[in-house]
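Visitor: Chains as they are written, first to last, in my numbering: chain A, 1 to 410; chain B, 1 to 151; chain C, 1 to 504; chain D, 1 to 368. Ideal Cβ positions, reconstructed from N, Cα and C, are used throughout, including at glycine.
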Amino acid sequence: MNYVIIGNSVAAVHAVMGIREYDQDNPITIISAENYYAYGRPLISYWLEGRVKNKNILYRPEEFYKENKVQLLLGRRAVSINPDSKQVELDDGNFLSYDRLLIATGGRPFIPEIKGLNPKNHFTFMNYDDVRKLEPVAAPGKEAVVIGAGPTGLKAMESLVKRGVRVTLVELADRVWSQALDAEAASMVTSFLQQRGVNLYLNDTVQSIEQKKNDRLDIKLNSGCELQSDLLVLAIGVRPNVELLKSIPGVNINRGVVVGPDLNIGLPDVYAAGDVVADSPPLFPHAAVQGRIAGRNMAGNNDNYKPIPPYNALGILGLNIVSMGNSIASDENYELLVETEREALIYRKLVIKENRLVGGLMINKIDRAGIYHKLIEEGADITSIKDELLNPNFGLLSFPEPVWQRQLAH
Amino acid sequence: MKKVYARPAYCMNCHLCEVNCIVAHSKSRNLLKAFKKEKLRGTARVFVEERKPISIAVQCRHCNDPRCVAGCISGAMVKDTETGIVYCQEEKCVGCWTCVVSCPYGVIRPIEIDGRKLPLKCDLCKEYEEPACVVGCPNKALVFEERGAEV
Amino acid sequence: MSTFSLKTSEFSVIRDENKCIKCLACVRQCGFDCHQYDEENDSLYTIDANCVNCQRCVYICPADALKIYENPKPMRSNNYWSANDLKNIYKQAETGGVLLTGMGNDKAFPGYFDRLVLNASQVTNPSIDPLREPMEIRTYLGRRTEPIALQKQKEKDKTQTPIVPIETPIMFAGISYGAISHQAFEALARAAKEFGTMFNTGEGGLPKDLYQYGDNAIVQVASGRFGVHSDYLNVGRIIEIKIGQGAKPGIGGHLPGEKITEEISTTRMIPEGTDALSPAPHHDIYSIEDLRQLIFTLKEATRYEKPISVKISAVHNVAAIASGIARAGADIIAVDGFRGGTGAAPLMIRDHVGIPIELAIAAIDQRLRDEGIRNSVTLVAAGGFRCSADVVKAIALGADAVYIGTAALIALGCHLCQKCYTGKCSWGIATQDPYKTRRLNPELGAERLYNLLRGWSHEIKEMLGGMGINSIESLKGNRLHLRGVGLNEVELNLLGVKHAGEAI
Amino acid sequence: MFREGEYRIPSGCAISGFINKDGHRVDGSAIVKSIALMHERSNGLGGGFAAYGIYPEYKDYYALHLLFEDKESRNQVEELIKDNFYIEVEDRIPSRNVKSIGKAPMLWRYFVTPRLSKIEEAQDTEENFMTELVMRINASVSGAYVISSGKNMGAFKGVGYPEDIGEFYRLDEYKAYSWIAHGRFPTNTPGWWGGAHPFTLLDWSVVHNGEVSSYGANRRFLEMYNYKITLQTDTEVIAYAIDLLVHHHKLPLELAAKVLAAPFWQEIDRLPAQERELCTRLRVVYGSLLLNGPFSIIVGFNGGIMALNDRLKLRPLAAACYKSTLYVASEEAAIREICPDVEKLWYPKGGEPVIGRLEEEAQCRLSA
């Protein structure tokens, strides 16, 4: 038995652990395009801030690979897969045979067509190399424009601000982090950011870039505004890395690769996990859970992945935001429970549809948020506890006794 | 694995589990110093939910497939393969709170101590023989025991 | 605004701010709302007037930051008018009510147990080491028929009265479910079963879930007849007709409606929330003949399989009354002295009615012997047994076994604040408030009670061994092993003991 | 100084006894020799004997052995005796002068039968009538004391070493099928002739070594049955206890022994149901007669002897057989002294009675 994993991020690491739950002996080979041991990808902003050092950026200790009998091929790319011969072709011309294969290739930043944009005059904010490149130029007093005010853009903004860079955020949507924040929350966040000196351009995007002689950039926005900046960061979105699978018959691609409940991609013994998977939020926990299940299944288990509602916890300059499920809903099909304390920058909202919790959004008061997420995931009828949900004492005891007794007995 | 189980019928809402937890996780391991000098009040990793007359001490269930571990972006949260204890390697933690949202029991608490964000959760007092909350419970409302297979 | 009152705080609760960690355990645990937390200022303070000195906060405080002091008497000291007298008058002047109290008589009457000393062997006969030799303290309760009917051994002899063994001569006194919490009640039942002795249901019936402890239960039939039905009588091992209680001879009982929860109402067979009133007399017992009828009614109802006990309070004519009870057919006479406990009693009755148990035991034992009927009944003494030496002395005076009530509750945490009647007990014992009752984990309670019995039993064995006795029956009524200290002639005669220093 | 009866006196002692089960009567020299061997177990403050079968010619009469300290008490008692009995014979108990023995009280014996009219008057059995009378003398006539009162038996006791007492009473001149003896070591007594062992009640005689710590319980129980406790000695309550159990409550001696030295509960609990029930009842009913503390006793009665140890065997007791003779004594040597060729020798367990009875044929012959 020979396991091969393409990709070396969170899905891959959890796949290794999943395999090792059932198979402690057979070799595992990981093909990693990046030159690093697996690291916590979202940690790059913390690294850039200087809060996380090189050592701590590693997702698992160096010994992880040795202890789990993993052969790690760093800086290698898989260039093709032959499902018939069960081989992966590497960029150095070698072939790797597999009995079980995991596609955990993740995604890459989406780069739109912009006039004047070239690889040298912008940065992306996706991996370790990105921030290593950013670090020398993101010096105090510099100015930066970050395109995209989603989670990536916000984290990039945060780390730059913390380095003393003056940041301008440009967002195409009418509000920051429009996938997660409703108008009210977004306005709270916006004013919070503005108070901290962040410029914001909403309903706007870059039209063209021009490099000036002094190494500064002239950035023209759709609205006609012109910005000057020392650096430009693009954080618009992520595209799954599905190139390896594109021409293989039997494999469906729908932006990401389509998988069955067991995370098989339709080819014998080939699985996928993480951001490369279609219809799955490109979120860290989801990749981890999928990696774990795919790993177990590769080792012969028969586990199913039940979709987990998206959730995200984001800290921006001291503001803690948590979003779960459908957190932006506001039309009359939904029932909303809302608690706002604008001065304290507290916002809590729960979204209910047909007596079921479908979403939640919390700013700065996030205690026990996991219980809400669990309710969303279970789709349980919350009629009996609806009045309790936003109660400051909401907790296990808010549930009927058999429920909390069962939880305690876990 | 051996876990801490609450017995609500005997929980008397004294919150001494919290006090003992704080002391056990303090630097000084001394009650007065922990509260007065280290100012650890409110940093318990177990907390008592109260709904008179019932109260229960809730804390990490050390799940088999811990969501907090899956969700941890820094790799700080781990489940020890030998003991099954789920704990946070605090020096690695960046305080993103994903674990807080991940935990279906809501027993990871986002706390800021001295400006440092830390998710407080029960680590079963892995440095002690028995968890401090259990040892100190005056009414045996908490027990530390093996209860066999989980559902 | 508080109403003007002449009453003053009896206690001061002193919080050592240097130690207090503001965990609020005291606030949560005080049953009398003495400890208060001001959330706005994050500060704690106490309302001294509320403090009953039950010590719950002192015990629970993890920082040892609390001390309770008795306040200096606010009145001018007076050897005749005590501060308590004044306090009570003020209270009654404000309320016009009867003074109520809980637990046993706390007045400074002379205690005879404290003026009796025990004997030990030296040289002429060896003391016996209970760690090396068997030391028997098993006791049988019931009527002893004599002579032994030898020829009838083969078939079951119907004339032979049932006897019930207890592995230590200490039983738990009748404390009703209702007066105390289910948890406390269960702790008593469990400990009795584990140790092989009896607990007494008191007059509130036996909850169905505790029928498993029936073999160790003395089920009481009191004037209110609460919870008395066929299953109840038959599940118990012994039936006790409660005539009187040491703390309140001559009067009935009153369990306020607030304490009649759903479970208690089911067990007692009275509507939820109504007061449970025990009449002063049994309304079917107005004479000794009536008692005899009830005794035999109960025997009939239980096929003569259970000894019948009659419990009375120790009053002036107790010996003659006991003799009458023995002749009325009782198998066990339980006599409760004036130190006996209660959940609620009028203060005047508790403190001024009845006689000391020591004298009652001595008088009854002698009277029954004089009449040659001592062996036909078991004499159980109750009322203020504080330690194993009290038990040994009681047995040497002539008791077969004793009931402990107050001591058992103390083992469960009671601190004798005497506020049982308020139902606010911070220790979860004398309360039905589900927030407080859960403080008493019956497992732990049973363990503590078991330990108490174990400790006392071991001490009894040590004392027996010291006297050169290896079986408790050789101590029973063996007053030669007792001597009085500082007792006058009359007292010595009543107790049937010599003065210390007298050899014989 | 108090004397017996006024004072509770614990004492340690030597005991010895034997019975010829074939009824063969032997003189007192053997028993004297046996008890004399255990000289060290006495301190000269008491010695005594009981012998059964010594008065064959008066076997149907109660043989009252009495001591009088003065003339007046003798007059009082004789008046009582004459009132209630027909006196067949009365004489001084024969004695020799023995140097080591101090001044002896007057010792008299009367062979009597109770007047029927008196028994009827008392509305009691003859035996109870006798018991009552003996107790009355002992309790109410100061200076007089009934040493023994059974039929065809007698007790001989006094202050001195037992061998000297034997010499004094000329025991070599009596013939008995069973003898029991006692050498006394009281811890505190002036030595009173009446207080020496054996203690007797009608046919019962008891010699005893030990101190019964249950005395108070035993005594108060017996008092409930109208026994007048006059001597405050353990021996006295033992004799009364046996009388109550065997004579009044009709328990076989074996069961009486199970009362006096009851089996432990842990033993009882292991017995088969029926036996367990019996033993339990015995202990429950007669718990107050359990003799607690160290003792070994020999009980003499018409037609037999019984030796018994406390249940922990805190005092020595040996038993032996030779042909049809059963020996019991505090020490093995005391037996070997008079029976060097014992066939079987054992140390009875605590609470295990050793009982020797006349064989049926001998019983018939002796009572004929």
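For a contact meaning CB atoms closer than 8 Å, what does A:P285 contact in chain B?
Guide: On the first sequence, residue 285 of chain A is found 285 positions in, with the first residue counted as 1. Chain B residues near A:P285: R67, A70, G71, T98 and S102.
Visitor: Where does C:E443 sit, in a helix, a strand or coil, going by DSSP?
Guide: Here the question's residue 443 of chain C lines up with position 443 in the third sequence. Helix at C:E443.
Visitor: In whole angstroms, what is the alpha-carbon distance linking D:G28 and D:L171?
Guide: Position 28 of the fourth sequence, counted from the first residue, corresponds to residue 28 of chain D. Position 171 of the fourth sequence, counted from the first residue, corresponds to residue 171 of chain D. Their backbone Cα atoms lie some 5 Å apart in a straight line.
Visitor: C:Q29 versus chain B: which residues are under 9 Å apart at the beta carbon?
Guide: Along the third sequence, read from residue 1 onward, the residue named residue 29 of chain C stands at position 29. By Cβ distance, chain B contributes M12, N13 and C14.
Visitor: Please list the segments of the alpha helix (DSSP H) lying wholly inside the segment 200-262 of chain D, counting only runs of 4 or more residues, in order along the chain.
Guide: Listed in chain order, the complete alpha helix (DSSP H) runs (minimum 4 residues) inside the segment 200-262 of chain D are 215-223, 234-242 and 253-260.
Visitor: Where does D:Q76 sit, in a helix, a strand or coil, going by DSSP?
Guide: Translated into the one-based positions of the fourth sequence, residue 76 of chain D becomes position 76. D:Q76 falls in the helix class under three-state DSSP.
Visitor: Considering only their Cβ atoms, is the gap separating B:E146 from B:K36 smaller than 7 Å?
Guide: Your numbering for residue 36 of chain B matches position 36 in the second sequence. Your numbering for residue 146 of chain B matches position 146 in the second sequence. Taking 7 Å as the Cβ cut-off, B:K36 and B:E146 do not qualify as a contacting pair.
Visitor: Among all the DSSP beta bridges, which residues are the ones paired with D:K175?
Guide: Working through the fourth sequence from its first residue, we reach residue 175 of chain D at position 175. BP columns for D:K175 point to D:D27.
Visitor: Give a yes or no on whether the minimum CB-CB distance between B:R116 and chain A is below 7 Å.
Guide: On the second sequence, position 116 is the one that residue 116 of chain B refers to. Output row for B:R116: interface = no.
Visitor: So which residues of chain A does B:Y5 contact, with C-beta pairs closer than 8 Å?
Guide: On the second sequence, residue 5 of chain B is found 5 positions in, with the first residue counted as 1. Under the 8 Å cutoff, chain A gives L408 and A409.
Visitor: With DSSP as the reference, label A:P151 as helix, strand or coil.
Guide: Here the question's residue 151 of chain A lines up with position 151 in the first sequence. A:P151 falls in the helix class under three-state DSSP.
Visitor: What is the C-beta distance between A:A104 and A:G291, in whole angstroms, given that I count them as a contact (C-beta under 8 Å)?
Guide: Residue numbering aside, residue 104 of chain A sits at position 104 when the first sequence is read from its first letter. Residue numbering aside, residue 291 of chain A sits at position 291 when the first sequence is read from its first letter. Right, their Cβ atoms sit about 6 Å apart.
Visitor: Does the segment 131-141 of chain B come close enough to the segment 64-74 of chain C to have 3 or more Cβ pairs within less than 8 Å?
Guide: No, they do not touch.
Visitor: Which of helix, strand or coil does DSSP assign to C:S223?
Guide: By 1-based counting over the third sequence, the position of residue 223 of chain C is 223. In this structure, C:S223 counts as coil in the three-state DSSP scheme.
Visitor: Suppose contacts are defined by Cβ-Cβ distances below 7 Å. Is A:I19 in contact with A:V70 by that definition?
Guide: Within the first sequence, numbered from 1, the residue matching residue 19 of chain A stands at position 19. Within the first sequence, numbered from 1, the residue matching residue 70 of chain A stands at position 70. No, these two residues do not count as a Cβ contact at 7 Å.
Visitor: What residue from C:A49, C:I21 and C:Y37 has the CA that sits closest to C:L6's CA?
Guide: One-based indexing of the third sequence puts residue 6 of chain C at position 6. Taking only the C-alpha atoms, the option nearest C:L6 is C:A49.
Visitor: Does any residue of chain B have a CB that is nearer than 7 Å to the CB of A:A313?
Guide: For this step, residue 313 of chain A is matched to residue 313 along the first sequence. For A:A313, the answer is yes, since a Cβ of chain B falls inside 7 Å of its Cβ.
Visitor: For B:K27, would you say it is in contact with chain C, using Cβ-to-Cβ distances shorter than 7 Å as the test?
Guide: Reading the second sequence from its first residue, position 27 is the one you call residue 27 of chain B. It does not: the Cβ of B:K27 has no partner Cβ on chain C nearer than 7 Å.
Visitor: Might you give, ordered along the chain, the residues of its own chain that have their beta carbon closer than 7 Å to the beta carbon of D:G191, omitting 5 neighbours on each side?
Guide: As a position in the fourth sequence, residue 191 of chain D is number 191, starting the count at 1. Cβ neighbours of D:G191 beyond the five flanking positions: L45, G46 and V159.
Visitor: In three-state DSSP terms, what is B:I22?
Guide: Numbered from its first residue, the second sequence carries residue 22 of chain B at position 22. Here B:I22 sits in helix by DSSP.
Visitor: Output the boundary residues of the beta strand (DSSP E) element that contains C:Y357.
Guide: Position 357 of the third sequence, counting from 1, holds the residue named residue 357 of chain C. Tyr is not the amino acid found at residue 357 of chain C; the sequence shown has Ile there. From DSSP, C:I357 is part of no beta strand (DSSP E) but of the alpha helix (DSSP H) over I357 to D370.
Visitor: If we define contact as Cβ-Cβ less than 7 Å, is C:P134 a contact residue for chain D?
Guide: Walking along the third sequence from the start, residue 134 of chain C turns up at place 134. It does: the Cβ of C:P134 has a partner Cβ on chain D nearer than 7 Å.
Visitor: Specify, as a first and last residue, the run of the beta strand (DSSP E) that D:L133 falls within.
Guide: Reading the fourth sequence from its first residue, position 133 is the one you call residue 133 of chain D. First-last for D:L133: E126 to S140, but that is the alpha helix (DSSP H), not the beta strand (DSSP E).
Visitor: Which value, in whole angstroms, describes the spacing of the CA atoms of B:V151 and B:S102?
Guide: Sequence index remark: in the second sequence, residue 151 of chain B carries index 151 (1-based). Sequence index remark: in the second sequence, residue 102 of chain B carries index 102 (1-based). The predicted position of B:V151 is uncertain, since its pLDDT is 42 and thus under 50; a value taken from the coordinates is nonetheless stated next. In a straight line, the C-alpha of B:V151 is about 20 Å away from that of B:S102.
Visitor: Would you identify the three-state DSSP class for D:F168, choosing helix, strand or coil?
Guide: Within the fourth sequence, residue 168 of chain D is the residue found at index 168, counting from 1. DSSP places D:F168 in helix when its eight states are reduced to three.
Visitor: Between D:S324, D:L202, D:L244 and D:N128, which has its C-alpha nearest D:A50's C-alpha?
Guide: Counted from its first residue, the fourth sequence places residue 50 of chain D at position 50. The option with the nearest alpha carbon to D:A50 is D:L202.
Visitor: Does any residue of chain D bring its CB to less than 7 Å from the CB of C:L24?
Guide: Along the third sequence, read from residue 1 onward, the residue named residue 24 of chain C stands at position 24. Chain D, which has no Cβ nearer than 7 Å to the Cβ of C:L24, makes this no.
Visitor: Shortest alpha-carbon distance to D:I298 belongs to which of D:V206, D:D22, D:S142 and D:R219?
Guide: Locating residue 298 of chain D in the fourth sequence gives position 298, counting from the first residue. The shortest Cα separation from D:I298 among D:V206, D:D22, D:S142 and D:R219 belongs to D:V206.
Visitor: For C:Y435 and chain B, any beta-carbon pair shorter than 7 Å?
Guide: Along the third sequence, one-based indexing puts residue 435 of chain C at 435. Answer yes: the Cβ-Cβ gap between C:Y435 and chain B drops below 7 Å somewhere.
Visitor: Can you find the residues in the same chain that come closer than 6 Å, C-beta to C-beta, to B:A24, ignoring five residues on each side of it along the sequence?
Guide: Position 24 of the second sequence, counting from 1, holds the residue named residue 24 of chain B. Hits under 6 Å: C125 and A132.
Visitor: So C:V13 packs on C:C51, CB below 8 Å; how close in whole Å?
Guide: Residue numbering aside, residue 13 of chain C sits at position 13 when the third sequence is read from its first letter. Residue numbering aside, residue 51 of chain C sits at position 51 when the third sequence is read from its first letter. Contact flag correct, Cβ pair sits at about 5 Å.
Visitor: If we count Cβ pairs, one from each stretch, closer than 8 Å, do we get three or more for the segment 12-31 of chain B versus the segment 385-395 of chain A?
Guide: Contact fails: fewer than three Cβ-Cβ distances are below 8 Å.
Visitor: Hey, is D:N196's beta-carbon within less than 7 Å of any beta-carbon in chain C?
Guide: As a working mapping, residue 196 of chain D is identified with position 196 in the fourth sequence. The amino acid at residue 196 of chain D is misidentified as Asn; the sequence shows Ala. False, the Cβ-Cβ gap to chain C never drops below 7 Å.
Visitor: Less than 6 Å between the CB of B:K3 and some heavy atom of the ligand FMN, yes or no?
Guide: Among the ligands in the structure shown, none appear at all, so the ligand FMN cannot be discussed.
Visitor: Just how far apart, CA to CA, sit C:V391 and C:I68?
Guide: Looking up residue 391 of chain C in the third sequence gives position 391. Looking up residue 68 of chain C in the third sequence gives position 68. Going from the Cα of C:V391 to the Cα of C:I68 covers about 32 Å.
Visitor: Indicate the three-state DSSP secondary structure (helix, strand or coil) for A:N54 in the structure shown.
Guide: Looking up residue 54 of chain A in the first sequence gives position 54. Looking at A:N54 - three-state DSSP - the assignment turns out to be helix.
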